[in-house]
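Each residue of the sequence shown is one higher than the one before, counting from 27 in my numbering.
Here the structure comes first, spelled out in structure tokens, and everything after it is commentary.
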Amino acid sequence: MSNPQNHNFIAKLGNEEIMFETGRLAQQAGGAVTVRVGDSLLLVTATANKTVKEDLDFFPLTVDYEERLYAAGRIPGSFFRREGRPSEEAILVCRLVDRPLRPLFDKTIRNEVQIVITALSSDGEHHLDIMAVNGASTALMISDIPWAGPVGAVRIGLIDDNLVVNPNVQEMEESPLDLRVAGTKDAILMVEAGADEVSEEILLEALRLAHEAIQDVIEMQMRMQAEVGKEKAQLIVDEDHPEVRAVIEPWLGNKILTVLEAEGTKAEKNQLRDNLKEELLAAFVDDETLEPTEIEKAFEDIFRDVTRQRILTEGLRPDGRRSAEIRPIWCEVGLLPRAHGSGVFTRGETQILSIATLGMPDDEQRLDTLGPRDTKRYLHHYNMPPYSTGEAGRIGGTKRREVGHGALAERALLPVIPSEEDFPYTLRVVSEAISSNGSTSMGSVCGSTLSLLDAGVPIKYPVSGIAMGLVTDPDNDRFVVLSDIQGVEDALGDMDFKVAGTRQGVTALQMDIKIKGIRWEIFEQALAQAKEGRLHILAEMEKTISTPRPDISPYAPRIITINIDPEKIGKVIGPGGKIVRAIQEETGVRISIDDDGTVYIATSDSNGAALAKDRIHLLTAEAEVGEIYTGKVVRATDFGLFVEILPGTDGMVHISQLADYRVSKTTDVADVGDEIMVMVTDIDEEGKIRLSRLAVLEGWTPEEARERDRVLSSSSGRGGRRGGGRDHRRGSRGGGNRRR
27 MSNPQNHNFI AKLGNEEIMF ETGRLAQQAG GAVTVRVGDS LLLVTATANK
77 TVKEDLDFFP LTVDYEERLY AAGRIPGSFF RREGRPSEEA ILVCRLVDRP
127 LRPLFDKTIR NEVQIVITAL SSDGEHHLDI MAVNGASTAL MISDIPWAGP
177 VGAVRIGLID DNLVVNPNVQ EMEESPLDLR VAGTKDAILM VEAGADEVSE
227 EILLEALRLA HEAIQDVIEM QMRMQAEVGK EKAQLIVDED HPEVRAVIEP
277 WLGNKILTVL EAEGTKAEKN QLRDNLKEEL LAAFVDDETL EPTEIEKAFE
327 DIFRDVTRQR ILTEGLRPDG RRSAEIRPIW CEVGLLPRAH GSGVFTRGET
377 QILSIATLGM PDDEQRLDTL GPRDTKRYLH HYNMPPYSTG EAGRIGGTKR
427 REVGHGALAE RALLPVIPSE EDFPYTLRVV SEAISSNGST SMGSVCGSTL
477 SLLDAGVPIK YPVSGIAMGL VTDPDNDRFV VLSDIQGVED ALGDMDFKVA
527 GTRQGVTALQ MDIKIKGIRW EIFEQALAQA KEGRLHILAE MEKTISTPRP
577 DISPYAPRII TINIDPEKIG KVIGPGGKIV RAIQEETGVR ISIDDDGTVY
627 IATSDSNGAA LAKDRIHLLT AEAEVGEIYT GKVVRATDFG LFVEILPGTD
677 GMVHISQLAD YRVSKTTDVA DVGDEIMVMV TDIDEEGKIR LSRLAVLEGW
727 TPEEARERDR VLSSSSGRGG RRGGGRDHRR GSRGGGNRRR
């Protein structure tokens with residue numbers, strides 16, 4: 027292979043330059059580019075199979091994000107020391123890339139298309155997700171794959187009340203808004219946001235700024251395609267058959283309207299629809315010019331068009347609701363007796379059971395990824411079993427959709443979760459979608475709120491969520507925004523626009539569309555209508571529970587927090603964790619220790635917690651001059667006894683400080699293993715501790731004990747009592763391990 031010819035292009039995004047290069051790497055891919063910002067570098071490829079995948083009724087697009095830890099100079103922490111399944115963060119990047127690209131493909135293509143993004147270098151300063159979207163669009167543009175791009179993507183932050191284009195990782199730590207936007211030259215295609223109760227007005231302003239910011243990236247891609255792009259392939263497409271529609275439409279007449287106007291559950295209406303389809307197939311079974319698959323496809327198209335036109339012209343939805351009407355809601359909390367918190371949120375035929383669990387700080391999730399975070403203390407997991415849609419199916423690993431829904435609901439609650447200082451628990455909420463007819467992710471937001479309130483978690487405000495839909499007429503400017511969409515409206519509509527938030531503002535936002543962009547007035551109406559719906563849902567939830575329970579569940583751990591010197595963490599843990607394990611076994615508590623010296627003691631037994639607290643205080647205490655300790659003799663010498671007054675802390679009692687008479691042998695007073703009461707009389711600059719038994723017997727002060735040492739030293743070590751000490755019969759100043 028001859029030396030590759032590199033082609034470099036540069037685009038501006040905010041204050042950063044993005045460098046795109048092609049020609050050097052992955053030359054057999056359909057399209058390949060490297061994307062570089064600072065020292066972060068991605069390789070992005072787009073490739074289509076040459077053959078059609080048979081028996082598909084959808085466009086087979088796959089996006090894979092390969093997170094290589096060598097990009098950050100790290101070796102994976104797994105047993106085999108290699109990357110395993112994609113992390114949650116990687117799956118979310120895949121979904122972020124897929125969503126703005128998919129609407130711009132011809133949906134009749136049946137060739138498999140795969141986009142692979144490989145993280146080759148990460149400097150920890152620049153976000154890789156936005157680079158991935160821009161790289162994927164560029165790879166498609168210069169590839170031989172037909173696609174109606176380009177797409178540009180950008181992140182918008184809010185720093186010191188100013189909207190900032192393309193902020194870096196450090197800047198985003200101070201931003202209450204994390205808005206990611208992708209779009210074409212003329213319209214926005216995808217929105218993803220997490221926010222700390224930001225207003226709808228700020229969001230609209232940020233969206234406009236984002237669309238302006240991506241124009242240079244889009245222009246660069248068009249220039250790159252013109253200069254180095256491949257000729258587009260003529261992929262075989264699944265053909266439409268308008269003649270079939272023309273034959274069956276007269277037979278259908280008003281039969282579809284009859285199905286739409288019928289009352290019933292989702293299953294009952296689906297059955298009516300299936301019955302009509304079977305009647306249609308039976309009516310044309312003898313017509314050899316029509317294939318059953320062609321008839322079924324034409325039927326689905328007609329059903330979709332009739333449903334949409336009914337919404338546009340009459341304002342009536344498949345279940346008879348008006349555009350802004352929300353399905354009936356009922357809620358329940360405390361359903362599960364042993365769970366720390368539980369809530370059921372039901373909206374129409376969508377039902378979510380959410381369960382909150384309180385754990386120790388060390389239960390937090392540790393992330394081994396290239397992302398900016400390395401831990402998570404609030405986790406939300408979403409499950410959707412097959413029975414939720416009345417079907418039987420395989421239950422296995424977590425699907426990408428479940429990861430995405432879980433992350434969206436997690437993001438929605440994150441701004442209201444109390445800080446670790448105020449509530450030192452790791453929190454996990456699991457949302458089980460036990461019945462599904464649209465908007466289970468937003469139902470999970472509502473269920474999460476109910477379960478956290480039931481668990482006694484002091485969240486800042488309740489959060490609710492709503493999914494908005496859209497029906498547009500491509501032949502004119504008519505559109506209808508739908509509140510609280512159900513499954514059929516999601517399938518037949520043009521937009522899935524999810525908004526979550528409190529009464530104060532938006533906490534999460536996600537938009538997916540199936541058309542090639544929407545107008546600003548649609549955004550404005552959708553946000554306004556979503557706010558109205560969100561507040562209605564909050565009011566319904568608050569009829570069941572509006573504030574956190576005054577106390578946590580009796581089955582949840584009670585956490586006591588103490589602080590120790592970070593230098594003494596090792597004393598508490600012990601070699602190989604021996605000491606901390608012994609304390610836990612003896613007291614029945616769980617102990618977690620942060621690097622800053624914060625110690626968390628969790629138990630349902632207050633006596634065990636108090637005992638563990640005393641043990642830790644004893645392990646980390648420092649000897650203080652004037653304190654009296656009961657210690658154990660650990661070594662005897664001719665000149666004195668070495669006494670352990672605290673765990674791991676020894677001091678010496680000189681022979682002259684053992685008794686009020688002349689001592690010939692130190693072991694005449696105490697031997698190794700004996701306990702004696704001593705006072706700390708001095709600690710020198712090297713930390714050596716001088717002790718006195720005599721000071722305890724005589725009731726001396728440390729100064730008096732030190733004076734005796736000086737007198738004895740000046741008289742060359744002659745024994746005898748000096749200085750007229752106090753009557754030892756007055757006794758010591760008390761017993762116990764430590765006295766003051």
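Glycine included, C-beta positions come from ideal geometry on N, C-alpha and C.
What's the C-alpha gap between residue i and residue j?
| i | j | result |
| --- | --- | --- |
| V311 | P318 | 8 angstroms |
| S147 | E115 | 16 angstroms |
| K540 | M521 | 6 angstroms |
| I619 | A721 | 38 angstroms |
| M678 | W726 | 18 angstroms |
| S19 | G423 | With the chain running from 27 to 766 in the structure shown, residue 19 is simply not present. |
| G779 | T383 | A question about residue 779 goes unanswered here, because the residues of the chain that appear run from 27 up to 766. |
| V704 | D676 | 12 angstroms |
| P172 | I262 | 11 angstroms |
| R3 | H153 | Absent from the model: residue 3. The displayed extent of the chain is 27 to 766, so no value can be given. |
| L439 | M167 | 38 angstroms |
| V217 | M494 | 13 angstroms |
| L479 | D510 | 24 angstroms |
| T372 | G513 | 15 angstroms |
| R234 | M567 | 33 angstroms |
| P129 | S572 | 41 angstroms |
| L361 | V370 | 8 angstroms |
| E322 | E275 | 12 angstroms |
| G161 | M246 | 12 angstroms |
| E446 | V359 | 25 angstroms |
| R744 | E648 | With a pLDDT of only 44 at R744, under 50, the local geometry of the prediction cannot be trusted, and the value read off the model is given with reservation. Cα to Cα, the separation comes out at about 33 angstroms. |
Which of the three DSSP states, helix, strand or coil, is assigned to residue i?
| i | result |
| --- | --- |
| I101 | coil |
| M386 | coil |
| M703 | strand |
| I182 | strand |
| N296 | helix |
| L13 | Outside the shown range of the chain, which is 27 to 766, sits residue 13, and nothing can be said about it. |
| H153 | coil |
| F840 | Nothing can be reported for residue 840, as the shown portion of the chain is limited to 27 through 766. |
| G531 | coil |
| G725 | coil |
| Y687 | coil |
| Q536 | strand |
| S490 | strand |
| G745 | The predicted position of G745 is uncertain, since its pLDDT is 43 and thus under 50; a value taken from the coordinates is nonetheless stated next. Coil at G745, not helix or strand. |
| E43 | strand |
| A582 | coil |
| Q377 | strand |
| A219 | strand |
| E446 | coil |
| L518 | helix |
| L439 | helix |
| E109 | coil |
| I571 | coil |
Per DSSP, which one or two residues make a beta bridge with residue i?
| i | result |
| --- | --- |
| Q140 | T73 and T88 |
| Q54 | None, per the DSSP bridge assignment. |
| S147 | L67 |
| C357 | F371 |
| M167 | Partner(s): none; M167 has no beta bridge. |
| Y408 | S457 |
| K38 | E43 |
| E93 | A145 |
| A526 | G491 and A534 |
| H431 | None; H431 has no bridge partner. |
Is residue i near the ligand FAD - that is, is its Cβ less than 7 angstroms away from at least one heavy atom of it?
| i | result |
| --- | --- |
| A259 | With respect to small molecules bound, the structure shown includes none, and the ligand FAD cannot be examined in it. |
Could you say if the region 138-145 and the region 87-100 meet the contact criterion of at least three C-beta pairs nearer than 8 angstroms?
Verdict: yes, contact present.
What are the start and end residues of each continuous beta strand (DSSP E) run of 3 or more residues lying completely inside the region 604-658, in chain order?
Within the region 604-658, the complete beta strand (DSSP E) runs of at least 3 residues are 616-619 and 624-629.
Indicate whether the contact test is met: 3 or more Cβ pairs, each with one atom in the region 48-62 and one in the region 97-108, closer than 8 angstroms.
The region 48-62 is not in contact with the region 97-108.
Can you find at least 3 beta carbon pairs, one from the region 383-398 and one from the region 581-593, that sit closer than 8 angstroms?
Between the region 383-398 and the region 581-593, the count of C-beta pairs closer than 8 angstroms reaches three or more; the two stretches touch.
Which complete alpha helix (DSSP H) runs does the region 194-274 hold, if anything under 4 residues is left out?
Note on the region 194-274: whole alpha helix (DSSP H) runs with a minimum of 4 residues are 195-198, 226-239 and 241-254, in chain order.
Ignoring anything shorter than 4 residues, give me the alpha helix (DSSP H) runs that lie fully in the region 318-351, in order along the chain.
Whole alpha helix (DSSP H) segments, 4+ residues: 318-340.
For the region 635-653 against the region 586-601, are there 3 or more C-beta pairs whose distance is under 8 angstroms?
With the cut-off at 8 angstroms, the region 635-653 and the region 586-601 touch.
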